[in-house]
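Counting in this note's numbering, the sequence shown runs from 2 upward without gaps.
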Amino acid sequence: MNKAKVIFSVAVLFTAASLFSCASSKKTDDPKSNAEEKAPAKKKLTKEEKAALKERERQKKDSYTGWVYIPEKDFAITKDDIKIVMNGKTGAFGLYAIPEKGNPVPLISNFDDYSSTFFSVMVGKKEYRLNRENGVKSEARRTPYGAQMAYTISNQAQIVVDFSFLPSIATSTRVDMLRVTVYTINLGKKTESFALKAVFDTVLGENTTTHFSTAAHSRINSEMQFLSMDDELWIRSSNEFAAIQFLFNGKGITSPNYVTLANKDTLALPNWIPYAQENKSFSSVISYNNSALGVNWKSVYLDPMKTDVTTFYISVAIDSNEPAGRKFIQALAEGKTALSPRLPEQKVTTTVPPEPSQVDPSSLDTPYRTNMPVVPEESDVPQSSYVPEKIPSQIETPVPVTPEQLDMKYIQRLLDHIAELENNEDNVNREEVRALNAELDSILMILSTME
Numbered sequence: 002m003n004k005a006k007v008i009f010s011v012a013v014l015f016t017a018a019s020l021f022s023c024a025s026s027k028k029t030d031d032p033k034s035n036a037e038e039k040a041p042a043k044k045k046l047t048k049e050e051k052a053a054l055k056e057r058e059r060q061k062k063d064s065y066t067g068w069v070y071i072p073e074k075d076f077a078i079t080k081d082d083i084k085i086v087m088n089g090k091t092g093a094f095g096l097y098a099i100p101e102k103g104n105p106v107p108l109i110s111n112f113d114d115y116s117s118t119f120f121s122v123m124v125g126k127k128e129y130r131l132n133r134e135n136g137v138k139s140e141a142r143r144t145p146y147g148a149q150m151a152y153t154i155s156n157q158a159q160i161v162v163d164f165s166f167l168p169s170i171a172t173s174t175r176v177d178m179l180r181v182t183v184y185t186i187n188l189g190k191k192t193e194s195f196a197l198k199a200v201f202d203t204v205l206g207e208n209t210t211t212h213f214s215t216a217a218h219s220r221i222n223s224e225m226q227f228l229s230m231d232d233e234l235w236i237r238s239s240n241e242f243a244a245i246q247f248l249f250n251g252k253g254i255t256s257p258n259y260v261t262l263a264n265k266d267t268l269a270l271p272n273w274i275p276y277a278q279e280n281k282s283f284s285s286v287i288s289y290n291n292s293a294l295g296v297n298w299k300s301v302y303l304d305p306m307k308t309d310v311t312t313f314y315i316s317v318a319i320d321s322n323e324p325a326g327r328k329f330i331q332a333l334a335e336g337k338t339a340l341s342p343r344l345p346e347q348k349v350t351t352t353v354p355p356e357p358s359q360v361d362p363s364s365l366d367t368p369y370r371t372n373m374p375v376v377p378e379e380s381d382v383p384q385s386s387y388v389p390e391k392i393p394s395q396i397e398t399p400v401p402v403t404p405e406q407l408d409m410k411y412i413q414r415l416l417d418h419i420a421e422l423e424n425n426e427d428n429v430n431r432e433e434v435r436a437l438n439a440e441l442d443s444i445l446m447i448l449s450t451m452e
């Protein structure tokens, strides 16, 4: 090979090496190219991860109560011994016991989409029935601990009824109870009075020898009204398949003003405080042996954007077992429940959601729902000092009844007139109401003997 060829070959090699080096340098200095080369393949989410992400995107937070929830139109939740059914469109709800075998057992009447069970709120002097009034909007909510029904009366009030599952035994995880918490928030622009009422159309005791029982009364088969639950403690309705026990006395439970056991039609009348007559049966003109429970709590005065909280518990038992109410009330007094009394209070009295609080780890020594929002034992708002008069509960002598009074049209007019009188609380004539009710009782007594 001559010297010229050697020089030419070296020049070619040098030029090629320079071009390769420049290309490599350009590639290395381009961060975009490097990122594309080094970027790992995007991880595909599993079905479970996609579902969890979608659920988080649907979550909302109630700015008044601090609860996190997912709104849903209609749904049901079953947890061990209890099933809750929620209907966001009507604002109605249903409760069931889940036996070891067989179908769920209704704890309240499921006729007409549970409409005979409801909450009501009195704002000033106007009552709003929370599953029927046209001016009340309702929203069903699924929470991490159960379910809620939120009712909104535009520019006046929001009422959130929370049903949270919990076990009666702190060291257990088997759910056999509900904590029922009702938040009442004043959405108006002035201080206003608010009162809460609940009606539960119970069904279990209606075909047994005992409609209801309490801690002090083993058998109740006629109308009664209690002004205190200090001795009674609870109202129980049961049969051979299931039992429901409403706990109205104990630490952290809001004391009712009236607890009334009466015919469900009597409790559905528009008078705020039901009229009950001892020894009167649970029958009415349009329903036989149809008992129900009514609960009235004391009125409170709320400043704008202030909140009042009402709390009680429901114990459920299946297959002839005893409800856990007595032991649970004792556990409440001793602070030995699944809901630790040392958890921070989260009752909200402004529109600003509560900030997270530090919790002593030793107070969370329970296997169940340790971070469930806690309900304070007492409201921080002043309560009304008004003490209602005690309504006489027994009519001494029966009223004579003519054949004309047994006509169904006459009876309906009588019912309408009683309802009209009782709806006018400012000018109601109690003596006239008592006389008309005595007449109605006598009519019902005669009709029952004619069946």
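Using N, Cα and C, we set each Cβ at its ideal position, and we do this for glycine too.
Going by other Cβ atoms of all chains shown within 10 Å of its Cβ, with 16 needed for buried, is residue i buried or exposed?
| i | result |
| --- | --- |
| L333 | buried |
| H212 | buried |
| N132 | buried |
| A98 | buried |
| S26 | At S26 the pLDDT is 48, less than 50, meaning the model places this residue with poor confidence; the figure from the coordinates comes in the next sentence. Exposed, by the Cβ-count rule. |
| G103 | exposed |
| Y70 | buried |
| E140 | buried |
| L205 | buried |
| S285 | buried |
| I412 | buried |
| A217 | exposed |
| Q157 | buried |
| G89 | buried |
| D202 | buried |
| R143 | buried |
| N264 | buried |
| S117 | buried |
| E421 | exposed |
| L1 | Residue 1 lies beyond the residue range present for the chain, which begins at 2 and ends at 452; the question has no answer from this structure. |
| L407 | exposed |
| R237 | buried |
| S155 | exposed |
| E49 | exposed |
| P345 | In this prediction, P345 scores a pLDDT of 32, lower than 50, which makes its location untrustworthy; the coordinate-derived value is nonetheless stated afterwards. Exposed is the call here. |
| Y323 | According to the sequence provided, residue 323 is Glu. The question's Tyr does not apply to it. Exposed, since its Cβ has fewer than 16 Cβ neighbours within 10 Å. |
| A52 | exposed |
Could you work out which residue in the options is closest to residue i when comparing CA atoms only?
| i | options | result |
| --- | --- | --- |
| F164 | N132, A216, I78, Y289 | I78 |
| E101 | I319, T215, I444 | I319 |
| Y304 | E335, L188, G136, I160 | A small correction: the amino acid at residue 304 is Asp; Tyr does not occupy that position in the sequence shown. Of the listed residues, the one whose Cα sits closest to D304 is L188. |
| Y302 | R414, K48, T185 | T185 |
| F166 | V181, Q159, S155 | V181 |
| N208 | D231, Y65, V183, A243 | A243 |
| T91 | D113, L108, I109 | D113 |
| L268 | V162, K191, M409, R130 | R130 |
| E193 | P145, E56, K127, V162 | K127 |
| V183 | Q159, S173, K191, K190 | Q159 |
Can you list, in chain order, the residues of its chain with a C-beta nearer than 6 Å to that of residue i? Leave out the 5 residues immediately preceding and following it.
| i | result |
| --- | --- |
| G1 | Lying outside 2 to 452, the shown extent of the chain, residue 1 is not represented and no answer is given. |
| G326 | W235, Q246, L248, S316 |
| P105 | K84, Y97, I99 |
| T338 | A171, A332 |
| K138 | T153 |
| K80 | F166, V176 |
| F329 | S169 |
| P1 | Look at the range of the chain in this structure, 2 to 452, and you will see that residue 1 is not part of it. |
| K74 | G89 |
Kindly list the residues whose CB is nearer than 8 Å to the CB of residue i, restricted to its own chain and excluding five residues on each side of it in sequence; keep chain order.
| i | result |
| --- | --- |
| S419 | Checking the displayed sequence, the identity of residue 419 turns out to be Ile instead of Ser. Cβ within range, chain order: L270, V434, L437, N438, L441. |
| E233 | T215, A216, A217, H218, F227, F249, N250, V260 |
| S229 | S256 |
| D231 | N250 |
| E56 | I71 |
| V402 | E440, S443, I444, I447 |
With a threshold of 7 Å on Cβ separation, who are the neighbours of residue i within its own chain once the five nearest residues in sequence on each side are excluded?
| i | result |
| --- | --- |
| M225 | L262, A277, E279 |
| E460 | Absent from the model: residue 460. The displayed extent of the chain is 2 to 452, so no value can be given. |
Item to check | Entirely enclosed beta strand (DSSP E) segments - the segment 203-287, minimum 3 residues | outcome: Unbroken beta strand (DSSP E) runs of no fewer than 3 residues, entirely contained in the segment 203-287, are found at 225-227, 235-239, 243-248, 257-264, following chain order.
Item to check | Inter-stretch contact (C-beta, 8 Å, three-pair minimum) for the segment 177-185 and the segment 264-275 | outcome: no
Checklist entry - Are at least three pairs of beta-carbons, each pair with one atom in the segment 253-261 and one in the segment 304-319, less than 8 Å apart? => result yes
Checklist entry - So does the segment 213-227 actually touch the segment 188-201, counting three or more Cβ pairs closer than 8 Å? => result By the Cβ criterion, the segment 213-227 is not in contact with the segment 188-201, since fewer than three pairs of Cβ atoms, one from each stretch, lie closer than 8 Å.
Checklist entry - Below 8 Å, can you find three or more Cβ-Cβ pairs linking the segment 58-75 to the segment 114-122? => result no
Checklist entry - Between the segment 289-308 and the segment 73-90, are three or more C-beta pairs nearer than 8 Å? => result no
Checklist entry - If you pair each beta-carbon of the segment 149-157 with each one of the segment 297-305, do three or more pairs fall below 8 Å? => result no
Item to check | Unbroken stretches of the beta strand (DSSP E), 3 residues or longer, contained in the segment 296-349 | outcome: 301-303, 308-319
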